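Accompanying notes for the structure given below.
In my numbering, the protein residues as written are 5 to 120.
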């Protein structure tokens, strides 16, 4: 959860908001099949047998800068450098446009390749 104070009052942005915003932006990039759960996210998705918004996404930082970790699955035969650059640009733009918070780093982990 990110909190900051403006002259109008206190603003709080939840992790689930960031997860939905970033997940939609990354998934819309060409070549991305889906987000891959890691650690506790994998266990939770198996236990409850459903998809969660924060699957494969970790956001850390404060009201001045954010670091985003993404775990993705891509289509087989795609240029990984081009996909990663596209995701980094899109996620940075969408988060900065929606929240006004600068994104310092977007780390893209390609965990899987699919033939879809």
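Glycine included, every Cβ here is placed at the ideal spot set by N, Cα and C.
Just so we're clear, the structure is a prediction, and the values are computed from it rather than from any experiment.
Could you tell me which residues DSSP pairs with residue i in its beta bridges?
| i | result |
| --- | --- |
| residue 38 | 77 |
| residue 68 | Note: residue 68 sits in no beta bridge, so no partner. |
Roughly how many angstroms lie between the CA atoms of residue i and residue j, to the nearest whole one?
| i | j | result |
| --- | --- | --- |
| residue 80 | residue 117 | 5 Å |
| residue 98 | residue 26 | 8 Å |
| residue 1 | residue 65 | Beyond the ends of the chain as shown, which are 5 and 120, falls residue 1; an answer cannot be given. |
| residue 94 | residue 119 | 24 Å |
| residue 91 | residue 100 | 14 Å |
| residue 10 | residue 113 | 35 Å |
Nearest CA to the CA of residue i: which residue from the options?
| i | options | result |
| --- | --- | --- |
| residue 29 | 76, 83, 108 and 84 | 76 |
| residue 68 | 91, 106 and 26 | 106 |
| residue 4 | 8, 84 and 23 | Past the boundaries of the shown model lies residue 4; the chain is included only from 5 to 120, so the question cannot be answered. |
| residue 72 | 84, 109 and 90 | 109 |
| residue 111 | 6, 63 and 102 | 63 |
| residue 87 | 14, 42, 95 and 34 | 34 |
| residue 103 | 21, 91 and 11 | 21 |
| residue 85 | 36, 42, 101 and 96 | 36 |
| residue 96 | 82, 70 and 113 | 70 |
Please work out which residues of its chain come closer than 7 Å, Cβ to Cβ, to residue i, disregarding the five sequence neighbours upstream and downstream, and give them in chain order.
| i | result |
| --- | --- |
| residue 40 | 60, 75, 76, 77, 115 and 116 |
| residue 18 | 5 |
Give me, in chain order, the residues of the same chain whose beta-carbon lies closer than 8 Å to that of residue i; leave out the 5 immediate sequence neighbours on both sides.
| i | result |
| --- | --- |
| residue 31 | 38 and 39 |
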